[in-house]
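Chemist: Structure in structure tokens, see below.
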Amino acid sequence: MSIASASAPSTTAALALEDLEVVYTVRGVDRVVLRGVSFSIAPGEAYGLVGESGCGKSTTAYAALRYLPRNGKIVSGRVLVAGDDVTSMTTSQLQRFRATEASMVYQDPAQAMNPSVKIGRQLVESFTLLGQSKSDAQTSALEALRRVRIADPVRVMDRYPFQLSGGMQQRVVIAMALACDPKLLVLDEPTTGLDATVEAEVLDLVRVLRKECNAAVLLIAHNLGIIRSLCDRVGVMYAGRIVEEGPSHQVFVDPQHPYTVGLLRSLPRHGVRKTERALATIPGILPLIGSDLPTCVFVDRCPLADDTCRNEVPPVVPVGTDGLHFTRCHHPDRIPELIEALPDIPIGILAPSDANPEVLELTHLSKTFRQRSVNVPALVDVDLQLAEGETLGIVGESGSGKSTLAKTILGIESADDGGTVSLDGNAVAPNTSSRSTDDKRAMQMVFQNPDSALNRSWSVRRILMRSVEKLTGIKGDEANKRVEALAAHLRLTPRHLDLKPRQLSGGLKQRVAIARAFAGDPRIVVCDEPTSALDVSVQAAILNLLADLQAEEKTSYVFITHDMGVVRYLADRIAVMYLGRIQEVGPTDDVFNGPNHPYTEALLSAIPSVDGEPTSRIRLEGEIPSPANPPTGCVFHPRCPRVIAGVCEVTEPPLLEVAPGHAMRCHIPIEKLRRLQAKTE
Amino acid sequence: MSDSEKFVPKPEEIVSTPGADMLVSHTTLTTTTIPPTTQAEIELSGVVQVSERTQARRENWRLILRRPAFIIGVFIVLVWTVCAIFGDRITPHSPLDYRSIPHLSPRASFPFGTDEQGRDVLSRVMAGSRDVIKVAPMGALLGVFLGVIVGMVMGYFGGWLDNVLSRIVEAFLALPVLLVALLAVTTLGSSSGVVIGVVAALFTPVVARTVRAAVLAERDLDYVTSAKLRGESSAFVMFKEILPNVSGPIIVELTVRIGYAVFTVATLSFLGAGPQPPSPDWGAQVSEAFRVISAGIWWTTFFPAAAIASLVIAVNLIADSVQSVLEAS
Amino acid sequence: MGRYLLRRLASAVVTLWLLATIVFLIVNVIPGDVGRRVLGPFALKEDVARFNHQIGTDRPLINQYFTSIRRLFTLDFGDSYQTQAAVSKIIFPALFRSGKLALLAFVITIPISIAAGIFAARRQDKVADRVVVNTGLATSSIPEFVTAAVLMSIFCVHWKLGHVFANPPAGTSVFGQLPYLITPALAMVIAYFGYIARMSRAGVIQGLQSDYARTASMKGLSGGQVMRRHILRNALAPTITVISVQVGYLFGGIIGVEKVFNYAGLGSTMLSAVVSKDVPVLQGAVLLVGIVYMVSTLLADVLIAFLNPRVRLERSR
């Protein structure tokens, strides 16, 4: 039952991987992706694999069902499902095996179903393959949809995949996967790309179904919280190897491998704030897939590494006495050193005081798009202020209007008439092109995806130079000096300046993008999910950098994110948006401590926490409505578990201050909310 | 673009196919088979060591030079270019004035035989490359140049301008190219200038369509937004920011268009809208000679026809190699 | 679906109008006096004027423009300069003959090339795949008249399998016409095979790599079942479009083939109209080809909408 394959009682395991090695052939070169992966999952057990991108966790999942891409091959090792060796099966045995023994659910359910065949037919097919007659299969299919809590299975059967929302699609895929009552269910990032509240629902469903059908589960996720909340045991992967394995509560509370320690510490957790300390980072960079790593795979980034680590393959060391927790490390005894080395260094940032002058004010800001002669209000009557040196976090799910808000502030989209964006008390033009250079210079943006944000055919120097010249008017040598100073400030070396973006890692690219935003000493930087495309260990470094810059430059941030941990770390105030409206706004502590608007409450309870804190307070039903056709009254009322019938669907509540600086848009009196939310906690 | 459109699947050129959008031609030609999951893993592995990437790019060029198709293509094009440049200075006999016995079948003294006037077919085939080698690339180049400008404007500005231009492009696509070319050339004369102009005019909408599609994919990227945020002009964004990033498709388009241009020019001259006899132009030679095939005199048709085929295939081999390598990188 | 069709139809009409305008512009951009050009340099001045009046080229351009647009929608393209006969009487029978040739070519090409595409896709990057792809690339890049001439010398002259002149004598039965039409049709098959094969190959490869194909294999379906039940339906949409586009393009290449085989189709008609500068015939023929192209792409879109519910349902919303 472990990475120590010797101890694995493989005959009874639902899934047992024995020293699995997989290579991909890329341009005629074999690249090792899995370097001897062993673990086993008992029947009915849930096992999670975590790791950052490129660690081989998805490859492990596909190898388990022998569905490797054409250029991938298993070089050595075995995969046993319920005792049967998957690696040596003939094609027809493999078909039989997939039809009856194992199933898989993937990321992106929209792609996972045939776009031109109705749900019913696709689902029925799963049952007819098991030998059921057409009519039996029909009945089974309806039953399967009910099982995944689809309220109206008959109607859903008659739909095409694209007519369902993401959450519904994933339910259908799960229903299909469970058709054969599999012994092994593989879930590969099943909720990545879904909204937080929908994700919470799907995860709840998986939790319930797992109990119902007693399948062994292999869950792949990059989100540690999901693994913690769903899995009995967890394997931590790094560069094609499992470096630590154990019961998930043990691994996450008491990690025993330097990588796991680093990974957990780079997450903003336990409500830590930028004013308290910087986030820990893992030095160095993720190894390239298939690069040569002869000994310990983590050696280049490990603070404990010594000559032994560089020369010898680390042994698998048991931790504790239960025989379940293992680490692959030469120095497990020195792990406590790492934990003690926690950087408590405060960044030196101070919470902005009330005395700080206001730099940005939004009044009655609305944005309505016209799509196919229908008005789609994406932003409705937003009023917000931002003080100098302050970070305002904007959170919300897809369609909440947070990106539109960013674009409208910056003038990429022009606000509807009647709304104004004021900078230092003076209204600026609604669109960028008619703003003055000073106004443009004052507001810049950091984008989500640095690959898209940096011109890939320009060198870093050219990218920064152009912004310096355009925004500050400085030219020539002086501009070049400024570029070099800017780069140094962002901890980019002069060597980086003459590279193209594609030659940089994701973290470095994001640094360049941030440097560009700071080229003209902006007053306000709008950050649109600047870390969501990055791995956890890289994210920490970027968040630290943003905090540092703010401390030094007194820049104000509008920080858009869907990650509550990140926003809690960085933001001074938080605004929660739903369907283009601000539902709640207030100081970070107030928003996290409550009482909250019911939607905020749901968002907060939707986060699967890596610390295993109680998360289940309220769950939302249904899907986010289309902004083109918002519900009457309070736009949140159809999904609100605390809805007051006869009131909420009639009038939209105003945004009222419930405490100093803390306002929300709810009909329920604040004291009642306080009671309700205290009770369920 | 009538007949000449059929070499390489170019789905973006196809009118109103919803499904075709997703089917980019990479799928056709690229041989790398990293599946989405692994691709993503590799891409996201975050760290791309400098040396490794540069090596990969160098490897691209090594790969293209190692492709036999590319080498053969370049070799054939070079041979015909040399023939075009030196013309009758390197032919065994004068392509126009030399006379032997008519309709001699191929033999040692006349490897390609002689034609109905006793002229050496080999010399005529060698000299006959001149027109097509000169006219086709010029026409393609001009067409791509204009197409890039139009396509850039369509893709970047979008809106009503794009709508109007798209309609016009679509209408152009419904025109039988060869016919229009024929019409234009017969009325405006068959000088090289006219043929180049006509080929360019007819290729412009097709190129514009390809460029538009490429620009559309770029336009919504954040570096364009960033340029706007610092107040760049549209012209700057189009030609300094976007253009370098769509150079791949443009280069591919140019090589493919040269192939089409050879095809079009050869067909035009076969149909009588090109250099007139006694010019040794290939199309004109075939046009003059094909009627005697039924009498068993095949060589007067076969060799110029084979010359056309070899040049078109060679250009396409180059285009295909360039496309594979550029799209794989 | 209804609204989608209506919109598609409306856009076809707009495109057709633009097409007519372009053709009108091209025709009228030609400098010089039409009557003089047609009647030659020795005709009397009065005759030229009378001719110009008769065909209407002395009227204001705008009037001529409206006439030509009206003609497009009534399919009455005026009279030939050369023979004074109605253009429609000349081009429709020619279109019919070319249509026969084209139909034969497509009946052969479509199944062969789609099958070859699927075959190649399932053996991606293996030798068989390379052979199909490269053969397709090579054959489809050779101009049709070259292929036609080579085929003629081999098939019709050397092996005596077909006729050098493709016009069947009047009254020949449908099957009796086959030996006449088969060789020119083959020249077109060779030209179009590669394009369609490559397209269907690309579509199938994309389907094979898709997530839904993965889901289907994970259900336990065999490779063949996955292909038949799931992939083909999605993969062939681009191929259908390509075929429909080919129908329009075909009338360019057919000119060369018809010239080589001396076949009295639309291509030959257009060619002789070019030689005699018979603008109404040419204009009518070009517009007719445009109409054929629009109709075939329209049909393809309808077929795709039928196969792909997303197009059918989303676009009509």
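Residue numbers (my numbering), protein chains in the order written: chain V, 54 to 734; chain P, 460 to 788; chain R, 7 to 323.
From the three backbone atoms N, C-alpha and C, an ideal C-beta is built for every residue, glycine too.
1) Taking residue 703 of chain P as the query, report the chain V residues whose CB atoms sit under 9 Å from its CB, ordered along the chain.
2) Spatial neighbours of residue 256 of chain V within its chain, please: CB distance less than 7 Å, with the 5 preceding and 5 following residues excluded, ordered by chain position.
3) Could you spell out where the beta strand (DSSP E) holding residue 303 of chain R opens and where it closes?
4) Return helix, strand or coil for residue 166 of chain V, following the three-state DSSP convention.
5) Going by beta carbon distance, what residues of the same chain come within less than 6 Å of residue 411 of chain V, once the five residues before and after it are set aside?
6) Using a beta-carbon distance cut-off of less than 8 Å, what residues from the stretch 285-304 of chain R approach chain P?
7) Just to confirm the assignment: which complete beta strand (DSSP E) runs, minimum length 3, are found wholly within the stretch 75-127 of chain V?
8) Tell me, please, whether the stretch 499-508 of chain V touches the stretch 582-598 of chain V by the rule of three or more beta-carbon pairs shorter than 8 Å.
9) Which residue wins for smallest C-alpha separation from residue 326 of chain V, given the options V/638, V/95, V/596, V/701?
10) Taking only beta carbons into account, state which residues of the stretch 634-649 of chain P come closer than 8 Å to chain R, listed in chain order.
11) Less than 9 Å between the C-beta atoms of residue 169 of chain V and residue 240 of chain R, yes or no?
12) Would you mind listing the beta strand (DSSP E) stretches within the stretch 429-474 of chain V that are 3+ residues and don't spill past its ends, in chain order?
13) Starting from residue 636 of chain V, trace the beta strand (DSSP E) in both directions and tell me its first and last residue.
14) Based on the DSSP output, what are the partners of residue 580 of chain V in its beta bridges?
15) Would the stretch 122-130 of chain R and the stretch 278-287 of chain R be scored as touching if the rule is three or more Cβ pairs under 8 Å?
16) So, with DSSP's three-state summary, where would you put residue 85 of chain R?
17) List the DSSP bridge partners of residue 379 of chain V.
18) With 9 Å as the threshold, decide whether the Cβ of residue 165 of chain V is near any Cβ in chain R.
19) Among residues of its own chain, excluding the 5 on either side of residue 785 of chain V, which ones have a beta-carbon nearer than 7 Å to its beta-carbon?
20) Would you identify the three-state DSSP class for residue 156 of chain V, choosing helix, strand or coil?
21) Under a CB-based cut-off of 9 Å, is residue 140 of chain R close to chain P?
22) Taking the straight line between their C-alpha atoms, what separation do you get for residue 133 of chain V and residue 174 of chain V?
23) Any idea which residues DSSP pairs residue 690 of chain V with across the strands?
24) Check this for me: beta carbons of residue 594 of chain V and residue 612 of chain V, under 9 Å apart or not?
25) Tell me which same chain residues have a C-beta within less than 6 Å of the C-beta of residue 353 of chain V, skipping the five on either side of it?
26) Would you kindly check if the distance between the Cβ of residue 562 of chain P and the Cβ of residue 579 of chain P is under 9 Å?
27) Under 9 Å, do residue 669 of chain P and residue 610 of chain P count as touching if we go by C-beta distance?
28) Between residue 687 of chain P and residue 465 of chain V, which are expected to be in contact by the criterion C-beta below 8 Å, what is the C-beta distance as a whole number of angstroms?
29) Please list, in chain order, the residues of the stretch 657-687 of chain P that have any C-beta partner in chain V closer than 7 Å.
30) What are the boundary residues of the beta strand (DSSP E) that residue 238 of chain V is part of?
31) Is the CB of residue 262 of chain R under 9 Å away from at least one CB in chain P?
32) By a C-beta neighbour count over all protein chains shown, 10 Å radius and 16 as the cutoff for buried, is residue 624 of chain P buried or exposed?
33) Looking at chain P, is there any beta carbon in it that lies within less than 9 Å of the beta carbon of residue 170 of chain R?
34) Should residue 510 of chain P be labelled buried (16 or more other beta-carbon atoms within 10 Å of its own) or exposed?
35) Mapping the DSSP letters down to three states, classify residue 21 of chain R as helix, strand or coil.
36) According to a CB-to-CB cut-off of less than 8 Å, which residues of the stretch 686-709 of chain V neighbour chain R?
Modeler: Put simply:
1) Neighbours of residue 703 of chain P across chain V, judged by C-beta separation under 9 Å: 508, 509, 510, 511.
2) Annotation for residue 256 of chain V: 244, 279, 282, 283, 661 place their beta carbon closer than 7 Å to its own, counting only its chain and skipping 5 residues before and after.
3) Element bounds for residue 303 of chain R: not the beta strand (DSSP E) but the alpha helix (DSSP H), 285-313.
4) Taken through DSSP and simplified to helix, strand or coil, residue 166 of chain V comes out as coil.
5) Only 438, 440 meet the Cβ criterion.
6) Answer set for the stretch 285-304 of chain R: 288, 291, 292, 295, 296, 299, 300, 303.
7) Counting whole runs of 3 or more residues, the stretch 75-127 of chain V contains the beta strand (DSSP E) stretches 82-94, 99-103.
8) Taking 8 Å as the limit for Cβ pairs, the verdict is that the stretch 582-598 of chain V does touch the stretch 499-508 of chain V.
9) It is V/596.
10) Contacts with chain R (Cβ-Cβ distance below 8 Å) from the stretch 634-649 of chain P involve 634, 635, 636, 637, 638, 639, 641, 642, 643, 645, 646, 647, listed in chain order.
11) Going by C-beta atoms, residue 169 of chain V is nearer than 9 Å to residue 240 of chain R.
12) The beta strand (DSSP E) runs lying completely inside the stretch 429-474 of chain V and spanning 3 residues or more are 444-448, given in chain order.
13) Segment 634-640, the beta strand (DSSP E) holding residue 636 of chain V.
14) DSSP output for residue 580 of chain V lists V/499, V/612 as bridge partner(s).
15) Contact fails: fewer than three Cβ-Cβ distances are below 8 Å.
16) Looking at residue 85 of chain R - three-state DSSP - the assignment turns out to be strand.
17) Note: residue 379 of chain V sits in a beta bridge opposite V/298, V/371.
18) So yes, residue 165 of chain V belongs to the interface.
19) Nothing can be reported for residue 785 of chain V, as the shown portion of chain V is limited to 54 through 734.
20) Here DSSP, grouped into helix, strand and coil, assigns residue 156 of chain V to strand.
21) So, interface residue.
22) Going from the Cα of residue 133 of chain V to the Cα of residue 174 of chain V covers about 32 Å.
23) DSSP lists no partner for residue 690 of chain V.
24) The answer is no: Cβ separation not under 9 Å.
25) Close CB contacts of residue 353 of chain V within its chain, under the 6 Å cut and outside five residues either way in sequence, are with 337 (chain order).
26) No Cβ-Cβ contact shorter than 9 Å links residue 579 of chain P with residue 562 of chain P.
27) In contact: residue 669 of chain P and residue 610 of chain P (Cβ atoms closer than 9 Å).
28) Correct: roughly 7 Å between the Cβ atoms.
29) Cβ contacts with chain V come from 680, 681, 682, 684, 685, 687.
30) Where residue 238 of chain V is concerned, the enclosing beta strand (DSSP E) stretches over 237-241.
31) Output row for residue 262 of chain R: interface = yes.
32) With 16 or more Cβ atoms within 10 Å of its Cβ, residue 624 of chain P is classed as buried.
33) Interface residue, yes.
34) At residue 510 of chain P the pLDDT is 45, less than 50, meaning the model places this residue with poor confidence and gives no usable figure here.
35) Judged by DSSP in its simplified three-state form, residue 21 of chain R adopts helix.
36) For the stretch 686-709 of chain V, which is checked against every Cβ of chain R, not one residue is closer than 8 Å.
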